[in-house]
Amino acid sequence: MSAEPLILTPSAAKRVAFIAQKQARPAILRLAVEGGGCSGFQYKFELADSVDGEDSVSETDGVRLVVDPVSLDLIAGSTVDFVESLGGAAFKVENPQAAAGCGCGASFGI
Numbered sequence: 339m340s341a342e343p344l345i346l347t348p349s350a351a352k353r354v355a356f357i358a359q360k361q362a363r364p365a366i367l368r369l370a371v372e373g374g375g376c377s378g379f380q381y382k383f384e385l386a387d388s389v390d391g392e393d394s395v396s397e398t399d400g401v402r403l404v405v406d407p408v409s410l411d412l413i414a415g416s417t418v419d420f421v422e423s424l425g426g427a428a429f430k431v432e433n434p435q436a437a438a439g440c441g442c443g444a445s446f447g448i
């Protein structure tokens, strides 16, 4: 059974491309899930230099979103967006599996 695909919005892809260009790195955003945060799990974003063999890869406008198999089990079907508001700008994960979340949007529970 294959996992639901991950979606990287055009807004998020544009931001990743901008950051990658400034740092002279490939436009690859790695999303991982780690234990911690106020709801049990937290999202971790970083630029990656390459895609690992077992990574799940989603591509939007030439930018790749990569997720390891363990993290994918917790975020399958999620959408990664980049939002700007008066409170700041950040990547946001809309995770259909999250049963609980926190006000900061950086952690979740299942």
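As numbered in our numbering, residues 339 to 448 make up the sequence shown, in order.
In this text, a Cβ means the ideal position worked out from N, Cα and C, and glycines have one as well.
Just so we're clear, the structure is a prediction, and the values are computed from it rather than from any experiment.
- Under the DSSP assignment, GLN359 falls in the alpha helix (DSSP H) whose first and last residues are 348-360.
- Distance between GLU432 and LYS360, taken at the CA atoms: about 27 Å.
- VAL389 sits in coil when the DSSP states are folded into three classes, being neither helix nor strand.
- By the CB criterion at 8 Å, VAL404 and VAL395 fall inside the cutoff.
- Judged by their CB atoms, ASP406 and GLU392 are nearer to each other than the 8 Å cut-off.
- Inclusion of PHE420 and ARG363 in the CB contact set at 8 Å is not warranted, their separation being larger than that value.
- Non-local beta-carbon contacts of PRO434 in its own chain, meaning distances under 6 Å to residues more than five positions away in sequence, involve GLY415 in chain order.
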